[in-house]
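Note sheet for the following structure.
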Amino acid sequence: MFAFYDLETTGTSPAFDQPLQFAAILTDDDFNQVERVDIRCRLAPHILPAPWALAVTGISPDRLMDPSLPSWFEFSYQISGLINRWAPATWAGYNTLAFDEEFLRQSFYQNLHPNLYQTQFDNNDRLDLMKVVYAVRDRQPDALEWPIDDLGRESFKLDRLAPANGFANHDAHDALGDVEATIHIASLIRKRAPEVWDQCLLNRDKHQVDRLLRSGHPVCLIERFGAAPPRSYFGAYAGTNPQNRNSVAFLDLDLCDASIIDTTDCDLAKAVAASPKLIRTIAINKVPSVFPVANPSAAHSSLAELVSAHPEFHKRVGQALADRYADKEPAHHVEQLIYDGFYSADDKRILEDFTAADWRDRARIVAQLDDIRLKQLGMRLIFSNAPEFAPANYRSAANAAIRDRWLTNEPSTPWTTKATVEEQLHEIISAEVLDRGRICALQDFYRARISEIDT
């Protein structure tokens with residue numbers, strides 16, 4: 001079974017924006033529809049949506065604030081229930097691993113779900129059709145038509161790719177329209193490039209990916225960077241990050257020779273960060289496009305075998321991966337701490353109680369949590385959904401925190417600010433992408449929303 005899904009959101013930051021629409025279609029293995037859902041939610045009190053996001057999706061201020069829609073909290077539990085009900089399934093979409101999946105995890109995190117990784121539990125797994133498309137372009141380019149953008153470059157955007165390959169009436173800025181387009185592309189690939197499709201399905205299993213990489217033979221990795229076309233890299237397993245077993249080193253066999261084994265630790269650290277990349281990092285749990293090489297060159301085979309025979313080299317490279325971000329600036333906002341450790345068993349049990357309780361009892365339950373992240377997020381949930389149960393001093397502090405975020409004069413923030421709103425509204429007006437009525441509606445909405453917190 002496949003669960004194809006897509007989100008429309010208030011912006012591009014999974015940590016500081018929120019989903020507004022979730023659409024999904026459950027299919028059998030032949031892509032015949034079994035069930036479909038299309039749900040929306042209203043805007044959370046602490047979120048300032050990006051004007052461009054509203055302009056592109058066509059979501060009106062009235063719909064954003066519609067009291068008949070579920071809250072983000074309720075919406076997140078609707079999605080969670082659906083994932084549980086549809087399991088086991090392959091959760092698939094277009095660019096989902098980099099975008100939609102992160103929004104799902106943040107929705108579960110910020111709304112106090114015990115499990116943030118639901119698309120990977122209960123025998124669920126994941127597939128990103130954008131990665132599959134890249135693999136098709138590199139390995140079997142005649143399987144699809146490749147549209148050209150306004151700059152004369154091949155475009156891999158779904159809103160161009162789907163129509164170019166026979167999908168009519170694609171509503172590119174509606175989640176359900178994108179889901180239908182993605183299913184169309186998946187169906188074409190399975191029919192026209194079955195070997196690519198089958199290998200991509202095998203890559204859903206991180207253990208299968210790890211076995212292929214550790215085989216001692218050359219492996220083909222397909223990736224795309226920037227606006228360049230996807231391309232193949234021929235490499236070999238070169239180590240695992242000891243702090244993250246899903247992070248694996250891939251040594252480019254075209255950029256090195258046998259002397260790499262004796263490279264100093266200092267030079268290995270440079271190689272991990274160098275461009276072009278001598279050593280790439282593969283996330284084996286994110287369905288990488290890796291393929292066995294049927295007829296490797298003698299040079300590639302010899303070097304892959306040599307690297308495979310030196311476990312101490314693997315250990316040194318793995319440590320270089322771990323050390324690369326050792327001096328990374330720590331995150332300061334609770335939304336960015338999503339991956340700062342797993343929840344304790346006691347906190348998970350308390351979160352189950354939180355889910356089952358009413359808002360009056362949730363305020364009491366939050367105080368029992370040990371994880372400071374969950375305490376912060378729990379209090380914000382109560383403030384957002386049932387402010388009458390939040391202490392008066394907390395309500396005042398929460399409003400001040402929202403005001404500080406929205407009105408900050410910092411030149412670059414990961415969330416939308418008043419200054420961002422003004423800049424984007426000016427761009428939208430200059431681009432003439434909306435009629436006067438919609439522009440006025442957006443201006444009125446932002447004026448009212450910002451003035452409400454600025455008093």
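The opening position of the sequence shown corresponds to residue 1 in the UniProt record's numbering, with each subsequent residue numbered one higher. For each residue, glycine too, the CB sits at the ideal point set by N, CA and C.
1) Where do the N-terminal and C-terminal ends of the alpha helix (DSSP H) with Ser430 fall, by residue?
2) Taking the continuous alpha helix (DSSP H) assigned at Ile284, which residues delimit it?
3) Taking the straight line between their C-alpha atoms, what separation do you get for Phe99 and Leu188?
4) Leaving out five residues before and five after Glu394 in sequence, what residues of the same chain have Cβ atoms less than 8 Å from its Cβ?
5) In angstroms, rounded to a whole number, what distance separates the CA positions of Gly166 and Tyr94?
6) Where Ser68 and Asp404 are concerned, what is the direct C-alpha to C-alpha distance, given to the nearest angstrom?
7) Contact between the segment 48-63 and the segment 409-416: three or more CB pairs below 8 Å?
8) To which residues of the same chain is Arg224 closer than 7 Å at the C-beta, ignoring the five residues directly before and after it?
9) What would DSSP say about Asp142, mapped onto helix, strand or coil?
10) Based on the DSSP output, what are the partners of Val219 in its beta bridges?
11) Within 10 Å of its beta-carbon, does Lys191 have 16 or more other beta-carbons around it, so buried, or fewer, so exposed?
12) By DSSP's criteria, Gly93 is part of a beta bridge. Which residues make up the other side?
13) Ala3 bridges to which residues according to DSSP?
14) For Ala398, which residues from the same chain have a beta carbon less than 6 Å from its beta carbon, with the 5 sequence-adjacent residues on both sides left out?
15) Tell me whether the beta-carbon of Asp6 lies closer than 8 Å to the beta-carbon of Val179.
16) Only counting runs of 4 or more residues, tell me where the alpha helix (DSSP H) segments fall wholly within the segment 144-231, in order along the chain.
17) If you compare alpha carbons, which of Gly81, Asp142, His46, Val56 is closest to Val433?
18) Counting pairs of Cβ atoms below 8 Å between the segment 252-262 and the segment 329-342, do you hit three or more?
19) Check the C-beta distance from Thr281 over to Leu321 and give it rounded, since I have them as a contact under 8 Å.
20) Classify residue 495 as helix, strand or coil using the three-state DSSP reduction.
21) If I measure Cβ to Cβ from Arg214 and keep anything under 6 Å in the same chain, skipping five residues before and after, which residues do I get?
22) Determine the burial state of Phe342: buried for a count of at least 16 other Cβ atoms within 10 Å of its Cβ, exposed for fewer.
23) Quick check on this structure: which residue in Phe121, Trp72, Asp122 has the alpha carbon closest to the alpha carbon of Leu112?
24) Go ahead and pull the three-state DSSP assignment for Asp444.
25) Where DSSP assigns a beta bridge to Val248, which residues make up the other side?
26) Using DSSP bridges, identify the partner residues of Glu8.
27) Would you kindly work out how many angstroms separate the C-alpha atoms of Ser297 and His426, rounded to a whole number?
28) Nearest-angstrom Cα distance between Ala143 and Ile183?
29) Where does the unbroken beta strand (DSSP E) through residue 456 begin, and where does it stop?
30) If I follow the unbroken beta strand (DSSP E) through Arg40, where does it start and stop?
31) Would you kindly report the start and end of the unbroken alpha helix (DSSP H) that includes Asn399?
32) Measure the C-alpha to C-alpha separation of Leu407 and Ala400 and round it to an integer number of angstroms.
33) Which residue's Cα is closest to the Cα of Glu145: Ser247, Ala164, Lys286?
34) Can you grab the Cα-Cα spacing for the pair Val248 / Lys315, in whole Å?
Taking the definition as stated:
1) As a first step, residue 430 is located in the sequence shown; it is residue number 430 there, counting from the start. Here the alpha helix (DSSP H) through Ser430 covers 418-431.
2) The sequence position of residue 284 within the sequence shown is 284, counting from 1. Segment: none, Ile284 is in no alpha helix (DSSP H) and carries neither H nor E.
3) As a working mapping, residue 99 is identified with position 99 in the sequence shown. As a working mapping, residue 188 is identified with position 188 in the sequence shown. The alpha-carbon atoms of Phe99 and Leu188 are separated by roughly 23 Å.
4) As a first step, residue 394 is located in the sequence shown; it is residue number 394 there, counting from the start. Here residue 394 is Tyr; the residue named in the question, Glu, does not match the sequence. Met379, Phe383.
5) Residue 166 sits at position 166 when you count from the first residue of the sequence shown. Residue 94 sits at position 94 when you count from the first residue of the sequence shown. When rounded, the distance between both Cα atoms is 17 Å.
6) Reading the sequence shown from its first residue, position 68 is the one you call residue 68. Reading the sequence shown from its first residue, position 404 is the one you call residue 404. Cα-Cα distance, rounded: 29 Å.
7) In this structure the segment 48-63 lies against the segment 409-416, because at least three pairs of beta carbons, one per stretch, are closer than 8 Å.
8) Residue mapping note: residue 224 aligns to position 224 of the sequence shown, counting from 1. Answer for Arg224: Tyr134, Pro230, listed in chain order.
9) The count along the sequence shown starts at 1 and reaches residue 142 at position 142. Of the three classes helix, strand and coil, the one that applies to Asp142 here is helix, per DSSP.
10) Numbered from 1 along the sequence shown, position 219 holds the residue referred to as residue 219. DSSP, once it has assigned bridges, lists Gly235, Pro292 as partnering Val219.
11) Along the sequence shown, one-based indexing puts residue 191 at 191. Flag for Lys191 reads exposed.
12) On the sequence shown, position 93 is the one that residue 93 refers to. In DSSP, Gly93 forms a bridge with Asp128.
13) By one-based count along the sequence shown, residue 3 stands at place 3. Ala3 pairs with Leu26, Trp91.
14) Residue numbering aside, residue 398 sits at position 398 when the sequence shown is read from its first letter. Excluding sequence positions up to five before and after Ala398, its CB lies within less than 6 Å of the CB of Phe383, all in the same chain and listed in chain order.
15) Taking the first residue of the sequence shown as position 1, residue 6 is located at position 6. Taking the first residue of the sequence shown as position 1, residue 179 is located at position 179. Yes, these two residues count as a Cβ contact at 8 Å.
16) Listed in chain order, the complete alpha helix (DSSP H) runs (minimum 4 residues) inside the segment 144-231 are 158-164, 175-192, 194-202, 206-213.
17) Translated into the one-based positions of the sequence shown, residue 433 becomes position 433. Checking every option, the nearest Cα to that of Val433 belongs to Val56.
18) no
19) For the purposes of this step, residue 281 is taken as residue 281 along the sequence shown, with counting starting at 1. For the purposes of this step, residue 321 is taken as residue 321 along the sequence shown, with counting starting at 1. The beta carbons of Thr281 and Leu321 sit about 6 Å from each other, so the pair counts as a contact at 8 Å.
20) Since the first residue of the chain shown is 1 and the last is 455, residue 495 is not available in this structure.
21) Translated into positions along the sequence shown, residue 214 becomes position 214. Excluding sequence neighbours, Arg214 sits near Tyr237.
22) Locating residue 342 in the sequence shown gives position 342, counting from the first residue. The residue is exposed, with fewer than 16 neighbouring Cβ atoms inside 10 Å.
23) Locating residue 112 in the sequence shown gives position 112, counting from the first residue. Considering only alpha carbons, the answer is Trp72.
24) Counting from 1 along the sequence shown, the entry for residue 444 is found at position 444. If DSSP states are grouped into helix, strand and coil, Asp444 belongs with the helices.
25) If you number the sequence shown from 1, residue 248 lands on position 248. DSSP output for Val248 lists Thr240, Ile282 as bridge partner(s).
26) By one-based count along the sequence shown, residue 8 stands at place 8. DSSP lists Gln21 as partners of Glu8.
27) Within the sequence shown, the letter at position 297 stands for residue 297. Within the sequence shown, the letter at position 426 stands for residue 426. One C-alpha to the other measures close to 56 Å.
28) Walking along the sequence shown from the start, residue 143 turns up at place 143. Walking along the sequence shown from the start, residue 183 turns up at place 183. Using only the alpha carbons, I get a separation of about 16 Å.
29) Lying before the first or after the last residue shown, residue 456 is absent from the chain, which here runs from 1 to 455.
30) Taking the first residue of the sequence shown as position 1, residue 40 is located at position 40. 33-40 is the extent of the beta strand (DSSP E) around Arg40.
31) Sequence index remark: in the sequence shown, residue 399 carries index 399 (1-based). First-last of the alpha helix (DSSP H) with Asn399: 392-407.
32) The sequence position of residue 407 within the sequence shown is 407, counting from 1. The sequence position of residue 400 within the sequence shown is 400, counting from 1. One C-alpha to the other measures close to 10 Å.
33) Here residue 145 refers to the residue found at position 145 when the sequence shown is read from its first residue. Distance from the Cα of Glu145 is smallest, within the candidate group Ser247, Ala164, Lys286, for Ala164.
34) Sequence index remark: in the sequence shown, residue 248 carries index 248 (1-based). Sequence index remark: in the sequence shown, residue 315 carries index 315 (1-based). Near 11 Å, if we compare the C-alpha coordinates of Lys315 and Val248.
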